[in-house]
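Have a look at the structure below before the remarks.
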Amino acid sequence: MPVSFLFIDKSFNVKCALCRDIPIDACDTRCCGSVYCARCINNLSLSSSSSKDKYCPACSAPISTSDVSENFYLRKRVDELEVSCDTCGESGIRSQMREKHTEAQCRGSRTANSNYVYPPTSPAPYTNTRERESTIAESAPPAYESLRNDLAFESIPTEANDGSDQNAPEYGQQSSGTATDGAVTVSKGSYFMSILRSAWSRIAGVVETHRATKKLRREQANQNRAEKISRCKQKVAAMWLKNAEGYGSSSTTIADTSRGKSKKCQRAQRKEAKWARKHEHFSKKCYELLERNDGDDDKRKRECRYQRRWTRKANRCARKQERWCSRIDCRI
Numbered sequence: 001m002p003v004s005f006l007f008i009d010k011s012f013n014v015k016c017a018l019c020r021d022i023p024i025d026a027c028d029t030r031c032c033g034s035v036y037c038a039r040c041i042n043n044l045s046l047s048s049s050s051s052k053d054k055y056c057p058a059c060s061a062p063i064s065t066s067d068v069s070e071n072f073y074l075r076k077r078v079d080e081l082e083v084s085c086d087t088c089g090e091s092g093i094r095s096q097m098r099e100k101h102t103e104a105q106c107r108g109s110r111t112a113n114s115n116y117v118y119p120p121t122s123p124a125p126y127t128n129t130r131e132r133e134s135t136i137a138e139s140a141p142p143a144y145e146s147l148r149n150d151l152a153f154e155s156i157p158t159e160a161n162d163g164s165d166q167n168a169p170e171y172g173q174q175s176s177g178t179a180t181d182g183a184v185t186v187s188k189g190s191y192f193m194s195i196l197r198s199a200w201s202r203i204a205g206v207v208e209t210h211r212a213t214k215k216l217r218r219e220q221a222n223q224n225r226a227e228k229i230s231r232c233k234q235k236v237a238a239m240w241l242k243n244a245e246g247y248g249s250s251s252t253t254i255a256d257t258s259r260g261k262s263k264k265c266q267r268a269q270r271k272e273a274k275w276a277r278k279h280e281h282f283s284k285k286c287y288e289l290l291e292r293n294d295g296d297d298d299k300r301k302r303e304c305r306y307q308r309r310w311t312r313k314a315n316r317c318a319r320k321q322e323r324w325c326s327r328i329d330c331r332i
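The sequence shown: position 73 = 73 (full-length UniProt numbering), numbered continuously.
Shown next, in the form of structure tokens:
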């Protein structure tokens with residue numbers, strides 16, 4: 001006997017254009033977009049003798065197999081609806097579970113599985129919520145007490161028992177309870193807590209060692225930086241003193257030989273003195289910059305950039321000073 005299903009929800013507003021029912025395996029046509037059941041459109045195709053006699057029932061336009069496409073959105077919507085079986089009277093079945101119900105569960109279907117175990121039709125054992133809550137409340141305390149007694153206390157080894165005591169019970173053994181046996185009875189919780197404490201202590205030791213190593217490396221880097229700065233200071237001071245001595249000797253020479261010379265010689269002397277002053281100025285600025293180094297990385301980088309620039313200027317001034325000194329020597 002064929003199994004038929006009826007849709008419980010009649011408010012679904014999309015209907016098949018042929019059977020005027022909710023479309024099962026919905027399809028639509030390209031000509032006018034009308035919706036049909038897959039079975040209805042197949043029956044229409046089989047009833048026509050040739051492809052020329054196939055017309056759309058809604059708009060009477062000629063159609064072919066390629067003009068009919070599946071509407072997956074409507075199929076998904078229809079599969080979520082609930083249906084009732086006319087054969088066995090069961091309701092609340094999902095539309096997408098119709099074939100499974102027919103093959104395995106429907107009692108009036110010939111194709112149903114004979115080994116299927118049907119659920120009992122008797123009412124639920126707890127019809128009243130308060131009765132169910134009272135039953136659970138009565139059965140919970142005894143079960144909790146028995147579980148707590150089973151897991152509460154057992155004889156387990158401690159950290160003090162390192163295996164030297166041969167009479168000490170192993171984990172899970174029951175002790176005799178006497179002090180002469182050397183067995184220590186503690187709870188499982190304290191045993192695992194001791195393991196946890198030892199693990200945490202090892203982790204804390206590793207973290208402390210890492211911090212100490214990091215601090216030592218930072219101190220070593222600061223010491224190397226301070227040594228490098230001191231070496232730079234010494235180099236700049238030596239260069240400054242050397243240039244200052246050269247400037248003094250040249251100034252003495254200029255003072256001694258500047259009397260009664262021509263205007264060109266006097267101009268050369270002024271130029272030489274000017275560049276000597278500039279060289280001294282930039283060398284002094286470099287030295288002061290190294291003296292007031294306060295450890296700020298960004299500021300130190302900026303000051304190092306200034307130091308390089310002023311060092312280049314000081315060297316350029318020294319070269320110009322030497323050139324003007326040579327001109328003075330030639331004109332004396």
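In this text, a Cβ means the ideal position worked out from N, Cα and C, and glycines have one as well.
Name, in chain order, the residues that DSSP records as bridge partners for residue i.
{"i": "residue 29", "result": "68"}
{"i": "residue 62", "result": "55"}
{"i": "residue 36", "result": "27"}
Quick one: grab the DSSP three-state call for residue i.
{"i": "residue 82", "result": "strand"}
{"i": "residue 14", "result": "coil"}
{"i": "residue 22", "result": "coil"}
{"i": "residue 232", "result": "helix"}
{"i": "residue 317", "result": "helix"}
{"i": "residue 156", "result": "Residue placement at residue 156 is poorly supported in this model, since its pLDDT is 44, which falls under 50; the coordinates still yield a value, given next. Residue 156: coil per DSSP, three-state reduction."}
Are there 16 or more other CB atoms within 10 angstroms of the CB of residue i, so buried, or fewer, so exposed?
{"i": "residue 190", "result": "exposed"}
{"i": "residue 36", "result": "buried"}
{"i": "residue 200", "result": "exposed"}
{"i": "residue 276", "result": "buried"}
{"i": "residue 206", "result": "exposed"}
{"i": "residue 236", "result": "buried"}
{"i": "residue 14", "result": "exposed"}
May I ask you to check if the CB of residue i is nearer than 7 angstroms to at least one heavy atom of the ligand SAH?
{"i": "residue 283", "result": "Absence of the ligand SAH is noted for the structure shown, with no ligands found whatsoever."}
Quick one: measure Cβ to Cβ for residue i and residue j, integer angstroms, because I've assumed they're closer than 8 angstroms.
{"i": "residue 30", "j": "residue 69", "result": "7 angstroms"}
{"i": "residue 56", "j": "residue 32", "result": "6 angstroms"}
{"i": "residue 310", "j": "residue 274", "result": "Contact flag wrong, Cβ pair sits at about 17 angstroms."}
{"i": "residue 27", "j": "residue 41", "result": "6 angstroms"}
{"i": "residue 278", "j": "residue 317", "result": "4 angstroms"}
{"i": "residue 314", "j": "residue 283", "result": "5 angstroms"}
{"i": "residue 54", "j": "residue 64", "result": "7 angstroms"}
{"i": "residue 192", "j": "residue 81", "result": "Wrong, their Cβ atoms sit about 55 angstroms apart, outside the cutoff."}
Tell me, please, whether the region 10-24 touches the region 73-85 by the rule of three or more beta-carbon pairs shorter than 8 angstroms. By the Cβ rule, the region 10-24 counts as touching the region 73-85, because three or more pairs are nearer than 8 angstroms.
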